[in-house]
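Trainee: So in the numbering used here, the last spot in the sequence shown is 340, and the numbers never skip.
Glycine included, every Cβ here is placed at the ideal spot set by N, Cα and C.
Just so we're clear, the structure is a prediction, and the values are computed from it rather than from any experiment.
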Amino acid sequence: WQTLVGILMFRALYASGYIDNLLHGKDWHDCALWLPGMITFLMSSYAGSRALATLPLPVYFAMQNMVLVFKATADVILHGQQVTSLYSYFMLMISLMSALSIAKVDPHFDPDGYFWMCIHIVSLGCLESYTHFMQGKLKLRATDKLFSCYLYSFIVLAPSSYFLGDTLEAVGRFQYFYVSHFYVGCILSGVLGVLLNLCSVYLQELKTPSLMLDVWAVQAVAKILCSGVSLAFFDMTLTQTLVICLAINFLSSIGYIESSTHRRLQPNISFASMNNFDADVYSGDRLLGESRQYFKRQELQQDMIRLDLGS
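1) Can you find the residues in the same chain that come closer than 6 Å, C-beta to C-beta, to Ala80, ignoring five residues on each side of it along the sequence?
2) To the nearest whole angstrom, what separates the beta carbons of Val98 and Ile131, a pair I think is in contact under 8 Å?
3) Count the other C-beta atoms from every protein chain shown that fall within 10 angstroms of the C-beta of Trp57, then say buried if there are 16 or more, exposed otherwise.
4) Report yes if the C-beta distance between Gly66 and Leu121 is below 8 Å; otherwise report no.
5) For the ligand ATP, is there a heavy atom less than 7 Å away from the beta-carbon of Pro65?
6) Between Met72 and Ser158, is the Cβ-Cβ spacing less than 8 Å?
7) Buried or exposed: which applies to Ala249, given that a residue is buried once 16 or more other Cβ atoms fall within 10 Å of its Cβ?
8) My guess is that Leu86 and Ser256 are in contact by the Cβ rule of under 8 Å, so how many angstroms apart are they, rounded?
9) Just the Cα atoms here: how many angstroms apart are Phe263 and Phe70?
10) For the candidate residues Met38, Cys274, Gly284 and Ile253, whose alpha-carbon lies nearest to that of Ala128?
11) In the DSSP assignment, the alpha helix (DSSP H) including Asp104 goes from what residue to what residue?
12) Counting only the same chain and skipping the five closest in sequence on each side, list residues whose C-beta sits under 7 Å from that of Ile48.
13) Which of helix, strand or coil does DSSP assign to Arg40?
14) Name the two residues that bound the continuous alpha helix (DSSP H) containing Tyr159.
15) Given a threshold of 16 other Cβ atoms within 10 Å of its Cβ, counted over all protein chains shown, does Lys166 qualify as buried or as exposed?
16) For Ile344, which of helix, strand or coil comes out of DSSP?
17) According to DSSP, is Met303 part of a helix, a strand, or is it coil?
18) Using only the alpha-carbon positions, how far apart do Leu217 and Gln269 sit?
19) Given Thr266, which residues of its chain have a CB within under 7 Å of its CB, disregarding the five upstream and five downstream residues?
20) Could you check which residue in Tyr118, Asn94, Val105 and Gly154 has the C-alpha nearest to that of Ile68?
21) Considering Cα atoms alone, identify which of Gly77, Lys100, Leu221 and Leu84 is closest to Ile36.
22) Our contact map puts Asp59 next to Leu169 with C-beta atoms below 8 Å; I'd like the distance itself, whole angstroms only.
23) Taking only runs of the alpha helix (DSSP H) that begin and end inside the stretch 225 to 290, which ones reach a length of at least 4 residues, in chain order?
24) Quick one: what does DSSP say Leu221 is sitting in, helix, strand or coil?
25) Using the C-alpha atoms, what's the distance from Cys215 back to Val208?
Pasting the structure below:
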(Lines of atoms letter the chains of each structure in order from A and count residues from 1; the text may use other names and numbers.)
(Lines give C-alpha, C1' and ligand atoms only; values in the text may rest on other atoms or scores of the structure.)
Protein backbone atom coordinates (compact mmCIF):
# COMPACT_ATOMS: atom_id res chain seq x y z
CA TRP A 1 0.00 0.00 0.00
CA GLN A 2 2.59 2.54 1.05
CA THR A 3 4.92 1.90 -1.89
CA LEU A 4 2.04 2.06 -4.39
CA VAL A 5 0.77 5.29 -2.86
CA GLY A 6 4.35 6.59 -2.89
CA ILE A 7 4.69 5.94 -6.63
CA LEU A 8 1.36 7.65 -7.34
CA MET A 9 2.44 10.56 -5.14
CA PHE A 10 5.65 10.94 -7.14
CA ARG A 11 3.70 10.95 -10.39
CA ALA A 12 1.29 13.56 -9.02
CA LEU A 13 4.16 15.80 -7.91
CA TYR A 14 5.75 15.44 -11.34
CA ALA A 15 2.48 16.25 -13.12
CA SER A 16 2.02 19.35 -10.97
CA GLY A 17 5.56 20.52 -11.73
CA TYR A 18 6.95 20.33 -8.18
CA ILE A 19 9.68 17.86 -9.19
CA ASP A 20 11.49 17.28 -12.47
CA ASN A 21 11.08 14.28 -14.73
CA LEU A 22 12.02 11.11 -12.91
CA LEU A 23 14.76 8.91 -14.40
CA HIS A 24 14.52 10.82 -17.69
CA GLY A 25 17.65 10.45 -19.81
CA LYS A 26 19.45 8.50 -17.09
CA ASP A 27 21.94 5.77 -17.89
CA TRP A 28 20.74 2.30 -16.93
CA HIS A 29 24.27 1.58 -15.76
CA ASP A 30 23.76 4.08 -12.94
CA CYS A 31 20.44 2.45 -12.06
CA ALA A 32 22.15 -0.95 -11.91
CA LEU A 33 24.81 0.44 -9.60
CA TRP A 34 22.06 1.74 -7.33
CA LEU A 35 20.48 -1.74 -7.08
CA PRO A 36 22.07 -2.50 -3.65
CA GLY A 37 20.53 0.73 -2.38
CA MET A 38 17.10 -0.36 -3.62
CA ILE A 39 17.48 -3.77 -1.99
CA THR A 40 18.50 -2.34 1.38
CA PHE A 41 15.65 0.20 1.18
CA LEU A 42 13.20 -2.64 0.60
CA MET A 43 14.62 -4.68 3.48
CA SER A 44 14.57 -1.72 5.87
CA SER A 45 10.99 -0.81 4.95
CA TYR A 46 9.64 -4.35 5.27
CA ALA A 47 11.54 -5.14 8.47
CA GLY A 48 10.63 -1.78 9.97
CA SER A 49 6.92 -2.31 9.34
CA ARG A 50 7.05 -5.79 10.87
CA ALA A 51 8.88 -4.46 13.93
CA LEU A 52 6.53 -1.51 14.32
CA ALA A 53 3.56 -3.89 14.37
CA THR A 54 4.67 -5.27 17.75
CA LEU A 55 6.95 -2.65 19.33
CA PRO A 56 5.70 0.57 20.96
CA LEU A 57 6.58 3.70 19.05
CA PRO A 58 9.02 5.19 21.64
CA VAL A 59 10.88 1.87 21.85
CA TYR A 60 10.98 1.65 18.05
CA PHE A 61 12.50 5.13 17.75
CA ALA A 62 15.01 4.48 20.52
CA MET A 63 16.19 1.23 18.96
CA GLN A 64 16.42 2.98 15.60
CA ASN A 65 19.07 5.28 17.07
CA MET A 66 21.45 2.31 16.94
CA VAL A 67 21.82 3.16 13.25
CA LEU A 68 24.15 5.93 14.43
CA VAL A 69 26.43 3.29 15.96
CA PHE A 70 26.29 1.22 12.79
CA LYS A 71 27.04 4.24 10.62
CA ALA A 72 29.96 5.37 12.80
CA THR A 73 31.44 1.86 12.74
CA ALA A 74 31.06 1.66 8.96
CA ASP A 75 32.75 5.05 8.55
CA VAL A 76 35.73 3.82 10.58
CA ILE A 77 36.06 0.50 8.72
CA LEU A 78 35.17 1.49 5.16
CA HIS A 79 36.01 5.18 4.88
CA GLY A 80 38.82 5.56 7.40
CA GLN A 81 36.96 8.22 9.38
CA GLN A 82 37.47 8.15 13.13
CA VAL A 83 35.46 9.41 16.08
CA THR A 84 38.14 11.87 17.14
CA SER A 85 36.15 13.53 19.90
CA LEU A 86 36.03 11.74 23.26
CA TYR A 87 32.63 13.34 23.91
CA SER A 88 31.22 11.89 20.65
CA TYR A 89 32.53 8.42 21.49
CA PHE A 90 31.08 8.66 25.01
CA MET A 91 27.65 9.72 23.72
CA LEU A 92 27.72 6.93 21.14
CA MET A 93 28.47 4.28 23.75
CA ILE A 94 25.75 5.61 26.06
CA SER A 95 23.24 5.44 23.19
CA LEU A 96 24.25 1.84 22.48
CA MET A 97 24.09 0.71 26.12
CA SER A 98 20.75 2.44 26.72
CA ALA A 99 19.25 0.76 23.63
CA LEU A 100 20.35 -2.66 24.90
CA SER A 101 18.92 -1.81 28.32
CA ILE A 102 15.57 -0.88 26.75
CA ALA A 103 15.31 -4.35 25.22
CA LYS A 104 16.02 -5.88 28.63
CA VAL A 105 13.51 -3.85 30.68
CA ASP A 106 10.74 -3.58 28.05
CA PRO A 107 7.51 -4.97 29.58
CA HIS A 108 6.16 -5.47 26.02
CA PHE A 109 9.19 -7.52 24.97
CA ASP A 110 8.47 -9.54 21.84
CA PRO A 111 11.25 -11.67 20.27
CA ASP A 112 9.84 -11.39 16.75
CA GLY A 113 9.57 -7.62 17.01
CA TYR A 114 13.16 -7.20 18.14
CA PHE A 115 14.33 -9.68 15.48
CA TRP A 116 12.79 -7.58 12.72
CA MET A 117 14.12 -4.47 14.43
CA CYS A 118 17.68 -5.82 14.17
CA ILE A 119 17.19 -6.47 10.45
CA HIS A 120 15.78 -2.96 10.05
CA ILE A 121 18.81 -1.42 11.82
CA VAL A 122 21.34 -3.35 9.74
CA SER A 123 19.50 -2.64 6.46
CA LEU A 124 19.14 1.06 7.20
CA GLY A 125 22.79 1.29 8.23
CA CYS A 126 23.89 -0.46 5.02
CA LEU A 127 21.72 1.93 3.01
CA GLU A 128 23.34 4.96 4.65
CA SER A 129 26.85 3.56 4.17
CA TYR A 130 26.25 2.62 0.53
CA THR A 131 24.74 6.03 -0.20
CA HIS A 132 27.82 7.70 1.28
CA PHE A 133 30.11 5.33 -0.64
CA MET A 134 28.43 6.03 -4.01
CA GLN A 135 28.28 9.79 -3.47
CA GLY A 136 29.70 11.50 -6.55
CA LYS A 137 29.91 8.21 -8.49
CA LEU A 138 26.32 8.17 -9.73
CA LYS A 139 24.55 10.66 -11.98
CA LEU A 140 21.21 9.95 -10.32
CA ARG A 141 19.63 12.74 -8.32
CA ALA A 142 18.33 12.16 -4.82
CA THR A 143 14.74 12.18 -6.10
CA ASP A 144 15.64 9.63 -8.79
CA LYS A 145 17.14 7.33 -6.15
CA LEU A 146 14.09 7.67 -3.93
CA PHE A 147 11.63 7.04 -6.77
CA SER A 148 13.58 3.98 -7.95
CA CYS A 149 13.50 2.61 -4.39
CA TYR A 150 9.72 3.00 -4.22
CA LEU A 151 9.27 1.46 -7.68
CA TYR A 152 11.52 -1.51 -6.93
CA SER A 153 9.84 -2.08 -3.56
CA PHE A 154 6.38 -2.16 -5.14
CA ILE A 155 7.47 -4.55 -7.90
CA VAL A 156 8.93 -6.96 -5.34
CA LEU A 157 6.37 -6.61 -2.55
CA ALA A 158 3.24 -6.85 -4.73
CA PRO A 159 3.66 -10.56 -5.60
CA SER A 160 5.78 -11.58 -2.61
CA SER A 161 3.17 -10.39 -0.09
CA TYR A 162 0.84 -13.07 -1.48
CA PHE A 163 3.40 -15.87 -1.69
CA LEU A 164 4.80 -15.10 1.78
CA GLY A 165 1.31 -15.28 3.25
CA ASP A 166 1.14 -11.69 4.50
CA THR A 167 -2.01 -10.95 2.48
CA LEU A 168 -3.87 -14.06 3.66
CA GLU A 169 -2.78 -13.42 7.23
CA ALA A 170 -4.11 -9.86 7.05
CA VAL A 171 -7.44 -11.02 5.62
CA GLY A 172 -7.91 -13.76 8.21
CA ARG A 173 -6.49 -12.23 11.39
CA PHE A 174 -6.22 -8.48 11.07
CA GLN A 175 -9.27 -7.04 12.82
CA TYR A 176 -9.15 -3.65 11.04
CA PHE A 177 -8.93 -5.07 7.51
CA TYR A 178 -12.61 -4.37 6.77
CA VAL A 179 -12.66 -0.94 8.43
CA SER A 180 -12.54 2.10 6.16
CA HIS A 181 -10.31 4.03 8.57
CA PHE A 182 -7.58 1.45 8.00
CA TYR A 183 -7.40 2.24 4.27
CA VAL A 184 -7.47 5.97 4.95
CA GLY A 185 -4.55 5.50 7.32
CA CYS A 186 -2.62 3.48 4.73
CA ILE A 187 -3.12 6.18 2.09
CA LEU A 188 -2.16 8.96 4.48
CA SER A 189 0.91 7.05 5.66
CA GLY A 190 2.06 6.65 2.06
CA VAL A 191 1.51 10.33 1.27
CA LEU A 192 3.16 11.55 4.46
CA GLY A 193 6.02 9.08 4.03
CA VAL A 194 6.87 10.43 0.57
CA LEU A 195 6.62 14.03 1.78
CA LEU A 196 8.87 13.23 4.75
CA ASN A 197 11.49 11.63 2.51
CA LEU A 198 11.36 14.58 0.11
CA CYS A 199 11.80 16.97 3.04
CA SER A 200 14.87 14.97 4.09
CA VAL A 201 16.28 15.32 0.58
CA TYR A 202 15.56 19.05 0.63
CA LEU A 203 17.34 19.43 3.98
CA GLN A 204 20.34 17.53 2.65
CA GLU A 205 20.57 19.90 -0.29
CA LEU A 206 20.39 22.95 2.03
CA LYS A 207 22.94 21.56 4.50
CA THR A 208 25.53 24.35 4.53
CA PRO A 209 27.65 25.75 7.38
CA SER A 210 25.70 29.00 7.32
CA LEU A 211 22.31 27.33 7.79
CA MET A 212 23.62 24.56 10.09
CA LEU A 213 20.86 22.18 9.06
CA ASP A 214 21.41 18.50 9.73
CA VAL A 215 18.96 15.79 8.75
CA TRP A 216 19.97 13.53 11.62
CA ALA A 217 19.42 16.32 14.15
CA VAL A 218 15.96 17.09 12.76
CA GLN A 219 15.05 13.41 12.86
CA ALA A 220 16.29 13.06 16.44
CA VAL A 221 14.08 15.92 17.63
CA ALA A 222 11.14 14.60 15.60
CA LYS A 223 11.49 11.18 17.24
CA ILE A 224 11.18 12.71 20.69
CA LEU A 225 8.08 14.69 19.69
CA CYS A 226 6.42 11.70 18.01
CA SER A 227 7.19 9.48 21.01
CA GLY A 228 5.49 11.94 23.32
CA VAL A 229 2.45 12.36 21.07
CA SER A 230 2.08 8.59 20.59
CA LEU A 231 1.45 8.11 24.32
CA ALA A 232 -1.84 9.96 23.92
CA PHE A 233 -3.11 7.63 21.16
CA PHE A 234 -1.62 4.20 21.91
CA ASP A 235 -1.62 2.10 25.05
CA MET A 236 1.84 1.49 26.49
CA THR A 237 2.95 0.23 29.86
CA LEU A 238 5.69 2.54 31.12
CA THR A 239 7.98 1.69 33.99
CA GLN A 240 10.38 4.06 35.70
CA THR A 241 13.41 2.16 34.42
CA LEU A 242 12.08 2.16 30.86
CA VAL A 243 11.41 5.91 30.93
CA ILE A 244 14.94 6.59 32.21
CA CYS A 245 16.49 4.40 29.51
CA LEU A 246 14.41 6.08 26.79
CA ALA A 247 15.37 9.56 27.99
CA ILE A 248 19.07 8.64 28.16
CA ASN A 249 18.94 7.15 24.68
CA PHE A 250 17.28 10.17 23.07
CA LEU A 251 19.51 12.71 24.82
CA SER A 252 22.74 10.84 24.09
CA SER A 253 21.80 10.51 20.42
CA ILE A 254 21.18 14.25 20.17
CA GLY A 255 24.50 14.90 21.93
CA TYR A 256 26.38 12.70 19.47
CA ILE A 257 24.69 14.28 16.45
CA GLU A 258 25.37 17.80 17.72
CA SER A 259 29.05 17.07 18.36
CA SER A 260 29.44 15.42 14.95
CA THR A 261 27.80 18.39 13.22
CA HIS A 262 30.02 20.85 15.11
CA ARG A 263 33.12 18.89 14.13
CA ARG A 264 32.12 18.90 10.46
CA LEU A 265 31.62 22.67 10.50
CA GLN A 266 35.10 23.31 11.92
CA PRO A 267 37.86 24.15 9.44
CA ASN A 268 39.65 21.01 8.34
CA ILE A 269 43.44 21.46 8.61
CA SER A 270 45.25 18.30 7.64
CA PHE A 271 48.89 17.31 7.85
CA ALA A 272 49.15 17.60 4.09
CA SER A 273 48.02 21.22 4.19
CA MET A 274 50.50 21.91 6.99
CA ASN A 275 53.28 20.36 4.94
CA ASN A 276 52.27 22.42 1.93
CA PHE A 277 52.29 25.53 4.11
CA ASP A 278 55.79 24.69 5.38
CA ALA A 279 56.95 24.10 1.83
CA ASP A 280 55.54 27.45 0.74
CA VAL A 281 57.29 29.22 3.63
CA TYR A 282 60.55 27.49 2.78
CA SER A 283 60.28 28.40 -0.90
CA GLY A 284 59.47 32.01 0.04
CA ASP A 285 62.53 32.25 2.31
CA ARG A 286 64.66 30.75 -0.44
CA LEU A 287 63.46 33.31 -2.99
CA LEU A 288 64.10 36.11 -0.51
CA GLY A 289 67.66 34.90 0.07
CA GLU A 290 68.36 34.65 -3.65
CA SER A 291 67.05 38.18 -4.16
CA ARG A 292 69.36 39.54 -1.47
CA GLN A 293 72.35 37.80 -3.05
CA TYR A 294 71.42 39.25 -6.43
CA PHE A 295 71.28 42.80 -5.08
CA LYS A 296 74.61 42.32 -3.29
CA ARG A 297 76.23 41.23 -6.56
CA GLN A 298 74.77 44.27 -8.29
CA GLU A 299 76.21 46.56 -5.59
CA LEU A 300 79.66 44.94 -5.90
CA GLN A 301 79.62 45.35 -9.69
CA GLN A 302 78.70 49.04 -9.35
CA ASP A 303 81.54 49.59 -6.83
CA MET A 304 84.03 47.96 -9.18
CA ILE A 305 82.86 50.18 -12.05
CA ARG A 306 83.31 53.30 -9.88
CA LEU A 307 86.86 52.20 -8.96
CA ASP A 308 87.73 51.66 -12.61
CA LEU A 309 86.39 55.07 -13.57
CA GLY A 310 88.24 56.74 -10.69
CA SER A 311 91.56 55.16 -11.62
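Mentor: So, from the data block:
1) Here residue 80 refers to the residue found at position 51 of the sequence shown. Excluding positions up to five away in sequence, the list reads Gly142, Trp145, Met146 and His149.
2) As a first step, residue 98 must be located in the sequence shown, where it is residue number 69. As a first step, residue 131 must be located in the sequence shown, where it is residue number 102. Between Val98 and Ile131, the beta carbon gap of about 14 Å keeps them out of contact (Cβ cut-off 8 Å).
3) For the purposes of this step, residue 57 is taken as the residue at position 28 of the sequence shown. By the beta-carbon neighbour count (other beta carbons within 10 angstroms, threshold 16), Trp57 is exposed.
4) Indexing the sequence shown from 1 puts residue 66 at position 37. Indexing the sequence shown from 1 puts residue 121 at position 92. Their beta carbons are not under 8 Å apart, which means Gly66 does not touch Leu121 by this criterion.
5) The ligand ATP is absent from the structure shown, which contains no ligands of any kind.
6) Locating residue 72 in the sequence shown gives position 43, where the first residue counts as 1. Locating residue 158 in the sequence shown gives position 129, where the first residue counts as 1. Going by C-beta atoms, Met72 is not nearer than 8 Å to Ser158.
7) Here residue 249 is taken as the residue at index 220 of the sequence shown, counted from 1. Here Ala249 is buried, its C-beta having at least 16 other C-beta atoms within 10 Å.
8) Taking the sequence shown and counting its residues from 1, the one referred to as residue 86 is at position 57. Taking the sequence shown and counting its residues from 1, the one referred to as residue 256 is at position 227. Taking 8 Å as the upper bound for CB-CB distance, Leu86 and Ser256 are in contact here, some 6 Å apart.
9) Locating residue 263 in the sequence shown gives position 234, where the first residue counts as 1. Locating residue 70 in the sequence shown gives position 41, where the first residue counts as 1. Going by the C-alpha atoms only, they are around 27 Å apart.
10) As a position in the sequence shown, residue 128 is number 99, starting the count at 1. Of the candidates Met38, Cys274, Gly284 and Ile253, the one whose C-alpha sits nearest the C-alpha of Ala128 is Cys274.
11) In the sequence shown, the residue the question calls residue 104 occupies position 75. Counting along the chain, the alpha helix (DSSP H) containing Asp104 begins and ends at Met95 to Leu107.
12) The residue given as residue 48 occupies position 19 in the sequence shown. Result list for Ile48: Leu42 and Thr172, in chain order.
13) By 1-based counting over the sequence shown, the position of residue 40 is 11. Arg40 falls in the helix class under three-state DSSP.
14) If you number the sequence shown from 1, residue 159 lands on position 130. Counting along the chain, the alpha helix (DSSP H) containing Tyr159 begins and ends at Pro140 to Phe162.
15) Here residue 166 refers to the residue found at position 137 of the sequence shown. The residue in question, Lys166, is exposed, as its Cβ has fewer than 16 Cβ neighbours within 10 Å.
16) Since the first and last residues shown for the chain are 30 and 340, residue 344 lies out of range.
17) Numbered from 1 along the sequence shown, position 274 holds the residue referred to as residue 303. Bear in mind that the predicted position of Met303 carries a pLDDT of just 37, short of 50, making it unreliable; the figure below should be weighed with that in mind. In the structure shown, the three-state DSSP call for Met303 is helix.
18) Translated into positions along the sequence shown, residue 217 becomes position 188. Translated into positions along the sequence shown, residue 269 becomes position 240. So the two alpha carbons sit approximately 34 Å from each other.
19) What you label residue 266 is simply residue 237 of the sequence shown in a count that begins at 1. So the qualifying residues of the chain are Pro136 and His137.
20) On the sequence shown, position 39 is the one that residue 68 refers to. Looking at the Cα atoms, Gly154 is the closest of the given residues.
21) Here residue 36 is taken as the residue at index 7 of the sequence shown, counted from 1. Of the candidates Gly77, Lys100, Leu221 and Leu84, the one whose C-alpha sits nearest the C-alpha of Ile36 is Leu221.
22) Working through the sequence shown from its first residue, we reach residue 59 at position 30. Working through the sequence shown from its first residue, we reach residue 169 at position 140. That pair is a contact at about 5 Å.
23) Segments of the alpha helix (DSSP H) lying fully in the stretch 225 to 290: 244 to 259.
24) Numbered from its first residue, the sequence shown carries residue 221 at position 192. Residue state, collapsed to three classes: helix.
25) Stepping through the sequence shown from its first residue, residue 208 is reached at position 179. Stepping through the sequence shown from its first residue, residue 215 is reached at position 186. Their backbone Cα atoms lie some 12 Å apart in a straight line.
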